[in-house]
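Asks: If you count the sequence shown from 1, you need to add 4 to reach the working numbering.
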Amino acid sequence: MRKIIFIVLSGLSYLNAFSQIDSISVVKIPDEEYAIYKYDSDLEMTILTYHYADLWDIDNDKYTDVIEFISNGGAHSYYHMRIWLSSKSKWIDYPKLEIDFPYLPKEVKNLEMLDQPYPQFVVQDFDNDNIKEIYLNLDDYSSVLAEYGIPSKRILIDFKEGELIVMRFKTK
């Protein structure tokens with residue numbers, strides 16, 4: 005009797021295991037067209053990077069710039085930002101400006117949407133000067149407070165007088 009029960013249970017386990025194979029689904033990476041994997045020699049591993057190129061002219065020199073978000077490689081990844089300005093021909097790193105969802109929103113209809121936790125990353129002309137600014141809703145503002153004196157998680161990066169300026173973002 006025990007052998008029969010064992011055989012039946014083994015058969016049911018086998019059938020159950022193979023019946024679940026069809027239910028496996030692949031989760032797509034958000035904004036996968038901008039997602040690339042790069043080897044990080046410091047971490048000695050390949051990490052996910054979001055590389056937004058040829059989309060915006062942040063420095064208003066008529067050439068597009070690049071915004072990258074580089075993963076920290078953790079199980080729950082945070083991404084710090086860096087910007088390639090065509091006018092400076094160099095990367096400007098912001099290692100303390102970290103978000104965990106560096107994905108472009110489909111649409112920002114009004115500024116009140118930015119009072120919510122998401123989106124965390126938006127590029128648009130917020131001050132109507134025909135130059136795009138970068139909005140970030142940071143995960144933690146303690147590093148921004150220490151580095152820039154800004155007591156807010158919501159910041160704006162604007163190009164003024166030849167430099168990128170980090171400032172507090174206000175919806176009102």
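Just so it is clear, CB atoms sit at the ideal spot from N, CA and C, and this is done for glycine as well.
#1: What's the gap between the Cα of N64 and the Cα of E102?
#2: Residues in the same chain with beta-carbon distance under 7 Å from Y38, minus the five sequence neighbours each way, listed in chain order, please.
#3: Check the C-beta distance from S90 over to T68 and give it rounded, since I have them as a contact under 8 Å.
#4: Could you give the uninterrupted runs of the beta strand (DSSP E) lying entirely in the stretch 87-159, keeping only those of 3 residues or more?
#5: So who's on the other strand from D69, going by DSSP bridges?
#6: What number of angstroms, rounded off, separates the C-alpha of F73 from the C-alpha of G153?
#7: Applying the 10 Å Cβ sphere with the 16-neighbour rule, what's the burial state of I62?
Replies: Taking the geometry as given:
#1: Working through the sequence shown from its first residue, we reach residue 64 at position 60. Working through the sequence shown from its first residue, we reach residue 102 at position 98. Spanning the two alpha carbons is a distance of roughly 25 Å.
#2: Within the sequence shown, numbered from 1, the residue matching residue 38 stands at position 34. Only Y54, H55, Y56 meet the Cβ criterion.
#3: Working through the sequence shown from its first residue, we reach residue 90 at position 86. Working through the sequence shown from its first residue, we reach residue 68 at position 64. Their Cβ separation, rounded to whole angstroms, is 7 Å, which keeps S90 and T68 in contact under 8 Å.
#4: 94-103, 125-128, 137-141
#5: Numbered from 1 along the sequence shown, position 65 holds the residue referred to as residue 69. Answer is W60, bridged to D69.
#6: By one-based count along the sequence shown, residue 73 stands at place 69. By one-based count along the sequence shown, residue 153 stands at place 149. F73 and G153: Cα-Cα distance of roughly 23 Å.
#7: Start at 1 with the first residue of the sequence shown, and residue 62 comes out as number 58. By the 10 Å Cβ count, I62 comes out buried.
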